[in-house]
Amino acid sequence: MTITYPFSAVVGLADLKLALLLNAVSPRVGGVLVRGEKGTAKSTIVRALAAQLPEVQVVAGCRFACDPAAPDLGCPDGPHEPGEQRAVRPAALVELPVGASEDRLVGSLDVERALTEGVKAFEPGLLAAAHRGVLYVDEVNLLHDHLVDLLLDAAALGTCYVERESVSVRHAARFLLVGTMNPEEGELRPQLLDRFGLTVEVRASRDPQERAEVIRRRLAFDADPEAFADRWRPAESELAGRIARARARLPEVRLPDARLRQISTVCAAFEVDGLRADLVTANAAIAHAAWHGRDRVTTEDVRAAARLALPHRRRRDPFDAPGLDEDLLDRLLDETSGDDDDEPPPGGGADPEISGPEPDAGSGADGDGGWQDPAAGTPRDERTAEREVRNGTDRPEPDAGAVEPDTGTGQPDPGAGQVAAMAAPYRVPRLEVPGVGEGAAGRRSRSRTPRGRAAGSRQPEGRLRDLHLTATLLAAAPHQRQRGRTGAGLRLRPEDLREVVREGREGNLVLFVVDASGSMAARRRMTAVKTAVLSLLLDAYQRRDKVGLVTFRGDSAGVTLPPTSSVEAGAARLRSLPTGGRTPLAAGLVTAAEVLRVERLRDPARRPLLVLVTDGRATAGGDVDRAADLLRGTASVVVDCEGGPVRLGLAVRLAARLGAALLPLDSLGELGSVVRDYRKVG
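Counting from 21, one number per residue, gives the positions in the sequence shown under the numbering used here.
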């Protein structure tokens, strides 16, 4: 936990360590979701945690890591008799790959043996392997929704259920769930965010001295890993012992009614949904008190727990980033502290394992050139200094509202145009790619997926995963006499087996091509256009699409947002999109064709949907018809932005050239309440 990275070098890393430790002390806290940019030691610190967890005693030979003192009564390898042989092993660290199947996660039944031999054979999955250990999911936001549902249900219930064709198996699955994600690659659904107990936001420090110390330690580790580990082993052993002592102390910690009312007041004031936030905050506060050696929860424990448990539960809009007003939190805690029996935490609540100075890494840095705690000797409020470092306000930051030029994309200088505002998004019709695809699971277009309604059957290729019972019986029925059947039983052979072909929905690549020229701004249409595109972005978020944004104005077009799963990034770029200049429509179409060509090479299974938002005018650039021919065959929708009493119908002609559906901008919101298939529009 303490090797390689000094905590100030990654803003939020101290909070991450605290969140992991609270879960290590009390699994009831509910796990940790780590959000942050790439290269911020998220995976490093999670993997380091497993080495600090106390060893566990298991029943020898049990594949489900049953505790000899309290074995699972429903263990598939049981029942375990008292006094069975025991074994001691380290706490497991199990990693769930992004591309894992449902069977790999929860385990699978051997359906072939069940049908042909009449035996119930179960192969445990990753949830069984993670029991009483750590289950780590890197890039959890990229997991398919049904896997996340299974994962979080098991984490909440402490039990894994496997159901296959009237055969049922259950086993204990209690683990510390840790997920990491890069928000640039897309967000988790709000209801899934809520299932994680704590959330931490991390990002790399911009201070050169702190970054240099990280490199020193990493180079020292690469040069001699054993010597580097030996230097930190005493600190890690002490940390492991402290976790064990805090676990033993946990049942003795008391939560006074005053602190419980304080928790409820804070959660209500921040308007979080449901009561899970109150429960998680209470459990985290109890764990925090146990970690600090206290036998009752104090206001400082509540503050630490609320800072980690509430930020991700305050989102009201899918484009909102998790956050917490800590000034409001402090004010609420001060107002509700009341006259109770709280005692000040030892040392003012500071955790020497987290915020205290770290030993020299032995990487060649001396007292003049090595890393030092930036807070040391600073005569300002400790909590304020910590908050400034975490939020990045201790150093100058670019103005969040400033519009910066787009470099390297061919986009004109935004400073030369006007930036229109956006209204609240509205419901839009579901735009759907024709045919049946086989892309990533989502909610837009028809697709053959592992989950969904049964659309047919086929002989399995490899191991049977999803039995189609009726089709299997029909395949075997004609051969019963020649197989010598005389009784009531049905004689099956492997070639009779059929698996289900399921049809569900897939996510698509929705590429927005937006006209930002002067013809849009002059008629004050850009506010309506931005609002329409924002509404379509919200729809793409809900349907699990990738999105991209191409804009054109002036003399050229540019890729404002390369294809990504982060619709939040698309909304941010859209808000600062300037307008003005001529209309290079052909350049916009050519740029869109090139983006789609590259994406077909990167992700050939994901089908594209082109959404062109324009009035059809072209006052600059090349031949529009030739450019449109590059996009023929691509599922397309033209949102007609032409207004006024006299209409030229240019967008209508462009839609016909593209073979696209036509949606009038003015009625887009109205169509959302009645239209289900874009092919019926226009």
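Built from N, CA and C at the ideal position, the CB exists for glycine as well. As the structure is a computational prediction, the values presented were derived from the model and not from experiment.
### Message
Here's the rule: buried if 16 or more other CB atoms are within 10 angstroms of the residue's CB, otherwise exposed. What is Glu272?
### Response
As a working mapping, residue 272 is identified with position 252 in the sequence shown. With fewer than 16 other Cβ atoms from the protein chains shown falling within 10 Å of its own Cβ, Glu272 counts as exposed.
### Query
Which residues does DSSP pair with His191 in a beta bridge?
In the sequence shown, counting from the first residue as 1, residue 191 sits at position 171. Cys180.
### Message
With H, G and I counted as helix, E and B as strand and the rest as coil, what does DSSP make of Met546?
### Response
Within the sequence shown, numbered from 1, the residue matching residue 546 stands at position 526. Reduced to three states, the DSSP call for Met546 is helix.
#### Entry: Residues of its chain near Gly636, where Cβ-Cβ distance is below 6 Å and the 5 sequence neighbours each way are ignored
Taking the sequence shown and counting its residues from 1, the one referred to as residue 636 is at position 616. Taking Gly636 as the centre and dropping the five residues before and after it, the same chain places the C-beta of Leu670, Ala671 and Leu674 closer than 6 Å to its C-beta, in chain order.
### Message
Let me make sure I understand the geometry here. Which of Arg525, Ala638 and Gly527 has the alpha-carbon closest to that of Gly574?
### Response
Within the sequence shown, numbered from 1, the residue matching residue 574 stands at position 554. The residue with the shortest Cα to Cα distance from Gly574 is Ala638.
#### Entry: Assigned secondary structure, Gln77 (DSSP; H/G/I helix, E/B strand, else coil)
Along the sequence shown, read from residue 1 onward, the residue named residue 77 stands at position 57. Gln77: strand per DSSP, three-state reduction.
### Task
Put Asp354 into one of helix, strand or coil per three-state DSSP.
Residue numbering aside, residue 354 sits at position 334 when the sequence shown is read from its first letter. Asp354 carries a helical assignment under DSSP once its states are collapsed to helix, strand and coil.
### Task
Helix, strand or coil for Glu346, going by three-state DSSP, please let me know.
In the sequence shown, residue 346 corresponds to position 326, counting from 1. Helix.
### Message
Here's the rule I'm using: 16 or more other beta-carbon atoms within 10 Å means buried, otherwise exposed. How should Gln438 be labelled?
### Response
Against the sequence shown, residue 438 aligns to sequence position 418. Gln438 is exposed by the Cβ-count criterion.
### Message
When you compare the stretch 559 to 568 with the stretch 520 to 540, are there three or more beta-carbon pairs, one atom per stretch, that lie closer than 8 Å?
### Response
Yes, the stretch 559 to 568 touches the stretch 520 to 540.
### Message
Does Ser188 pass the burial test, meaning 16 or more other C-beta atoms within 10 Å, or should it be called exposed?
### Response
Here residue 188 refers to the residue found at position 168 of the sequence shown. Its Cβ having fewer than 16 others within 10 Å, Ser188 is exposed.
### Residues sharing a beta bridge with Tyr156, DSSP
Against the sequence shown, residue 156 aligns to sequence position 136. BP columns for Tyr156 point to Glu115 and Val198.
### Task
Just grab the DSSP bridge partners of Gly13 for me.
Residue 13 lies beyond the range of the chain shown here (21 to 702); nothing can be said about it.
### Task
Could you tell me the distance, in whole angstroms, from the CA atom of Val78 to the CA atom of Val108?
Start at 1 with the first residue of the sequence shown, and residue 78 comes out as number 58. Start at 1 with the first residue of the sequence shown, and residue 108 comes out as number 88. Between the C-alpha atoms of Val78 and Val108 there is a straight-line separation of about 6 Å.
### Query
Which of helix, strand or coil does DSSP assign to Phe84?
Here residue 84 corresponds to residue number 64 of the sequence shown, with the count starting at 1. In this structure, Phe84 counts as coil in the three-state DSSP scheme.
### Task
Go to Leu678, then tell me how far its alpha helix (DSSP H) extends in each direction, as first and last residue.
The residue given as residue 678 occupies position 658 in the sequence shown. Secondary structure note for Leu678: its alpha helix (DSSP H) is the uninterrupted segment Leu670 to Leu678.
### Cβ-Cβ distance between Ser581 and Arg595 below 8 Å
Numbered from its first residue, the sequence shown carries residue 581 at position 561. Numbered from its first residue, the sequence shown carries residue 595 at position 575. For the sequence presented, residue 581 should be read as Leu rather than Ser. No.
### Message
Quick check on the DSSP output: the alpha helix (DSSP H) that includes Glu614 runs from which residue to which?
### Response
Within the sequence shown, numbered from 1, the residue matching residue 614 stands at position 594. Element bounds for Glu614: Leu605 to Arg622.
### Message
Given this structure, state the Cα-to-Cα distance separating Leu212 from Arg646, to the nearest angstrom.
### Response
In the sequence shown, counting from the first residue as 1, residue 212 sits at position 192. In the sequence shown, counting from the first residue as 1, residue 646 sits at position 626. Near 46 Å, if we compare the C-alpha coordinates of Arg646 and Leu212.
### Task
Whole angstroms is fine: what's the gap from Thr219's alpha carbon to Gly199's?
Numbered from 1 along the sequence shown, position 199 holds the residue referred to as residue 219. Numbered from 1 along the sequence shown, position 179 holds the residue referred to as residue 199. The C-alpha of Thr219 lies about 9 Å from the C-alpha of Gly199.
### Message
Here's the rule I'm using: 16 or more other beta-carbon atoms within 10 Å means buried, otherwise exposed. How should Leu38 be labelled?
### Response
Here residue 38 is taken as the residue at index 18 of the sequence shown, counted from 1. By the neighbour-count rule (16 or more Cβ atoms within 10 Å), Leu38 is buried.
#### Entry: At least 3 beta-carbon pairs within less than 8 Å: the stretch 320 to 335 vs the stretch 38 to 56
Verdict: yes, contact present.
### Message
Which of the three DSSP states is assigned to Glu452 in this structure?
### Response
For the purposes of this step, residue 452 is identified with residue 432 of the sequence shown, where counting begins at 1. Three-state result, Glu452: coil.
### Task
Determine, using beta carbons only, whether Val553 and Phe532 come nearer to each other than 8 Å.
Reading the sequence shown from its first residue, position 533 is the one you call residue 553. Reading the sequence shown from its first residue, position 512 is the one you call residue 532. Against a cut-off of 8 Å, the Cβ pair of Phe532 and Val553 comes out as a contact.
### Query
By Cβ distance below 6 Å, which residues in the same chain neighbour Arg152 in space, the five residues on each side in sequence not counted?
For the purposes of this step, residue 152 is taken as residue 132 along the sequence shown, with counting starting at 1. In the same chain as Arg152, and ignoring 5 residues on each side of it, the C-beta atoms closer than 6 Å to its own belong to Val76 and Ala85, in chain order.
### Task
Look up Thr599 in the DSSP assignment and say whether it is helix, strand or coil.
Here the question's residue 599 lines up with position 579 in the sequence shown. Three-state DSSP puts Thr599 in a strand.
### Query
Is it true that the CB of Gly568 sits closer than 8 Å to the CB of Pro604?
Stepping through the sequence shown from its first residue, residue 604 is reached at position 584. Stepping through the sequence shown from its first residue, residue 568 is reached at position 548. No.
### Message
At the level of alpha carbons, what is the spacing between Asp87 and Arg267?
### Response
Start at 1 with the first residue of the sequence shown, and residue 87 comes out as number 67. Start at 1 with the first residue of the sequence shown, and residue 267 comes out as number 247. When rounded, the separation of the alpha-carbon atoms in Asp87 and Arg267 is 16 Å.
### Message
Please tell me whether, using a cut-off of 7 Å, the distance from the CB of Val273 to the nearest non-hydrogen atom of the ligand NAP is below it.
### Response
The ligand NAP is not among the ligands present in this structure, which contains no ligands whatsoever.
### Cβ separation of Leu155 and Val114, assumed to be a contact under 8 Å, to the nearest whole Å
Taking the sequence shown and counting its residues from 1, the one referred to as residue 155 is at position 135. Taking the sequence shown and counting its residues from 1, the one referred to as residue 114 is at position 94. Contact holds; Cβ gap of about 5 Å.
### Task
Please list, in chain order, all residues of the same chain as Arg503 whose beta carbon is under 8 Å from its beta carbon, the five residues on each side excluded.
The residue labelled residue 503 in the question sits at position 483 within the sequence shown. The answer, listed in chain order, is Arg511 and Arg513.
#### Entry: According to DSSP, residues forming a beta bridge with Gln562
Start at 1 with the first residue of the sequence shown, and residue 562 comes out as number 542. Per DSSP, none; premise fails for Gln562.
### Query
In chain order, what residues of the same chain have a beta carbon less than 6 Å from the beta carbon of Asp92, not counting five sequence neighbours either side?
The residue given as residue 92 occupies position 72 in the sequence shown. So the list reads Cys86 and Ala192, once near-sequence residues are dropped.
### Message
Please tell me whether Val658 and Leu678 are closer than 8 Å, where the distance is taken between their beta carbons.
### Response
Here residue 658 is taken as the residue at index 638 of the sequence shown, counted from 1. Here residue 678 is taken as the residue at index 658 of the sequence shown, counted from 1. Against a cut-off of 8 Å, the Cβ pair of Leu678 and Val658 comes out as a contact.
### Message
Residues in the same chain with beta-carbon distance under 7 Å from Arg124, minus the five sequence neighbours each way, listed in chain order, please.
### Response
Position 104 of the sequence shown, counting from 1, holds the residue named residue 124. Excluding sequence neighbours, Arg124 sits near Gly145 and Leu146.
### Task
Could you tell me which of Pro684, His488, Leu280 and Leu621 sits nearest to Ser477, measuring between CA atoms?
In the sequence shown, the residue the question calls residue 477 occupies position 457. When only C-alpha atoms are compared, the closest one is His488.
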